[in-house]
Amino acid sequence: MAYFDSVGEIKFRYWDPEKKILGKKMKEHLPFAMAWWHNLGAAGGDMFGSASADKSFGAVPGTMEHAKAKADAGFEFMKKLGLEYFCFHDLDLVPEAETLEETNARLDEISDYILEKMKGTNIKCLWGTANLFNNPRYMNGAGSSCSTEVYCFAAAQVKKALDITVKLGGRGYVFWGGREGYETLLNTDMKLEQENIAALMKMAVEYGRSIGFKGDFYIEPKPKEPMKHQYDFDAATAIGFLRRYGLDKDFKLNIEANHATLAGHTFNHELRVCADNGMLGSIDANQGDLLLGWDTDEFPFDVYETTFAMYEVLRAGGLTGGFNFDAKNRRPSNTPEDMFQAFALGMDSFALGLIKAAAIIEDGRIDGFVKNRYADWEKGIGADIRAGKTTLAQLSDMAVRLGKPAAPPSGKQEYLQRIVNEILFG
Ligand code: XLS
Ligand code: CA
Ligand code: CA
1 MAYFDSVGEI KFRYWDPEKK ILGKKMKEHL PFAMAWWHNL GAAGGDMFGS ASADKSFGAV
61 PGTMEHAKAK ADAGFEFMKK LGLEYFCFHD LDLVPEAETL EETNARLDEI SDYILEKMKG
121 TNIKCLWGTA NLFNNPRYMN GAGSSCSTEV YCFAAAQVKK ALDITVKLGG RGYVFWGGRE
181 GYETLLNTDM KLEQENIAAL MKMAVEYGRS IGFKGDFYIE PKPKEPMKHQ YDFDAATAIG
241 FLRRYGLDKD FKLNIEANHA TLAGHTFNHE LRVCADNGML GSIDANQGDL LLGWDTDEFP
301 FDVYETTFAM YEVLRAGGLT GGFNFDAKNR RPSNTPEDMF QAFALGMDSF ALGLIKAAAI
361 IEDGRIDGFV KNRYADWEKG IGADIRAGKT TLAQLSDMAV RLGKPAAPPS GKQEYLQRIV
421 NEILFG
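Its first residue numbered 1, the sequence shown is counted upward by one per residue in the working numbering.
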């Protein structure tokens, strides 16, 4: 059955998968992925109203028939757009059953079905994950739960989600700690909770490697929502956590644009923190609304933001993961045509961002300015400090000899911003 026959041909303005940018095909720079949960699941419901879009795909939601119809619709959608990857939570693929055994049997069935659909296509799995936040059993956390029994259920879900990710050839495996945080410290042993999360991740790595998973594990930082405070607040916090518990060899980060802004950072700041620490893994390509304080998961539209993001990605030499559109249509954009418009917007925004970021690099004025700004650190006392050859006393003596430092140079922010506008708009 075809679901999207009513939707005409999708024409892109900037996305041109075979076009070479800085010696690499656009599609190699930008491995785009469809998020199973939003695209095939989110139907526009919010806390004030029910679904505005029809995502039944001709079947009754909550059944395996619907799970398969979603897979059919998803593959038709990806083929029509030329998308080569998808991402999933275990419970996006099938409805959760009464028992773990039954849920796992459903996951076996749907993954066989998806595997069959993947044959003869270029469509691959970017990453999988376990939904450890929806079921009320996780109300006190999953890896951070006060209940050992709930912790075992979380472990069971991670184990099965890893099995399915490996079976589908996933490049990565994500931990997003939706319920891993707290509402109040009055009832929380923060140290114990974080140690337990790390232990769960360690067991996941051991298990994943034992079944042949060669990809990266990812932490996806987010500061709040649903919890008031989430342990993986931002990139720097998550990297500190990974290093503290010896997980940094197996994990990288999956950075979501909307989560960066919720943490009070720019998207490119979070990418820079990851790149500087060798931890840039994958990207959840969306954007938030700075006038709203929550996770709106909008399709990327802001070309300044995609340009600055792609500038970081190019400087870092690319991603080992990809660009997952963890984004949903606005509630009133409720037709199948809107689903395609949304992806075309996101793909074109990132393609244009890539073109402009490459142009900034080729132009060289901004990189040249930064290099020159720090040139003092490559010679003389600067080089000695960088090489760890100096003492505080020597530097103090030098300051005394200098009398006063030379006038500091201008940061030239407005000049640099003019260059960006010139490259963006001509
Ligand atoms: C929610 C997160 C979630 C993760 C995967 O805000 O973005 O969807 O990407 O669990
Ligand atoms: Ca996400
Ligand atoms: Ca989000």
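Positions of the beta carbon are idealized from the N, C-alpha and C atoms, including for glycine.
If you draw a straight line from the C-alpha of residue i to the C-alpha of residue j, how long is it?
i, j, result
"GLU298", "SER333", "12 Å"
"ASN277", "GLU256", "17 Å"
"GLY74", "LEU40", "7 Å"
"PHE251", "PRO136", "28 Å"
"PHE77", "PHE4", "7 Å"
"LYS202", "LYS228", "26 Å"
"SER56", "TRP176", "27 Å"
"ARG272", "SER6", "42 Å"
"TYR374", "GLU101", "60 Å"
"ASP234", "GLU270", "7 Å"
"ALA155", "GLU180", "14 Å"
"GLU98", "ASN134", "15 Å"
"PHE241", "ILE10", "43 Å"
"LEU168", "HIS38", "20 Å"
"LEU247", "LEU280", "15 Å"
"GLY318", "ALA285", "15 Å"
"PRO336", "ILE283", "25 Å"
"GLY178", "PHE340", "28 Å"
"ASN187", "GLU149", "19 Å"
"THR391", "ALA407", "24 Å"
"ILE211", "ARG386", "44 Å"
Quick check: residue i and residue j, are their CB atoms within less than 7 Å of each other?
i, j, result
"PRO226", "ALA238", "no"
"ALA309", "ASN372", "no"
"ASN254", "VAL205", "no"
"THR129", "ASP216", "no"
"ARG441", "ILE419", "Limits of the chain in this structure are 1 at one end and 426 at the other, which puts residue 441 out of reach."
"ILE197", "SER144", "yes"
"PRO17", "TYR85", "no"
"THR307", "PHE350", "no"
"LEU83", "MET118", "no"
Kindly list the residues whose CB is nearer than 8 Å to the CB of residue i, restricted to its own chain and excluding five residues on each side of it in sequence; keep chain order.
i, result
"ILE21", "HIS29, LEU354, ILE355, ALA358"
"GLY62", "PRO95"
"ILE361", "LEU22, TYR311, LEU314, ARG315, ASP367"
So, at 6 Å on beta carbons, what are the nonlocal neighbours of residue i in its own chain, with the 5 sequence-adjacent residues on each side left out?
i, result
"ALA59", "GLU65, HIS66, ALA69"
"GLY288", "ASN258, THR261, THR296"
"LEU402", "none"
"ALA43", "ALA51, ALA53, LYS55"
"GLY170", "CYS125, TRP127, GLY128"
Which residues share a DSSP beta bridge with residue i?
i, result
"CYS146", "In DSSP, CYS146 forms no bridge with anything."
"GLN417", "None, per the DSSP bridge assignment."
"TRP127", "CYS87, GLY172"
"LYS24", "ILE21"
"PHE325", "MET34"
"GLY181", "GLN230"
Suppose the cutoff is 7 Å on Cβ atoms and the five residues either side in sequence are ignored; what does the same chain contact list for residue i look like?
i, result
"LYS160", "ASP90, ASN104, LEU107"
"TYR207", "LYS159, LEU162"
"HIS265", "ASP234"
"ASP348", "PHE12, ARG13, TYR14, TRP15"
"LEU395", "none"
"ALA316", "ALA275, LEU280"
"LEU416", "ILE366, PHE369"
"GLY141", "ARG179, GLU180, GLU193"
"GLN230", "GLY177, GLU180, GLY181, LYS222, PRO223, LYS224"
Discussion item. Please give the ranges of any alpha helix (DSSP H) in the stretch 245-322, keeping only runs that are unbroken, at least 4 residues long and fully inside the region.
Written reply: 257-262, 267-276, 303-315
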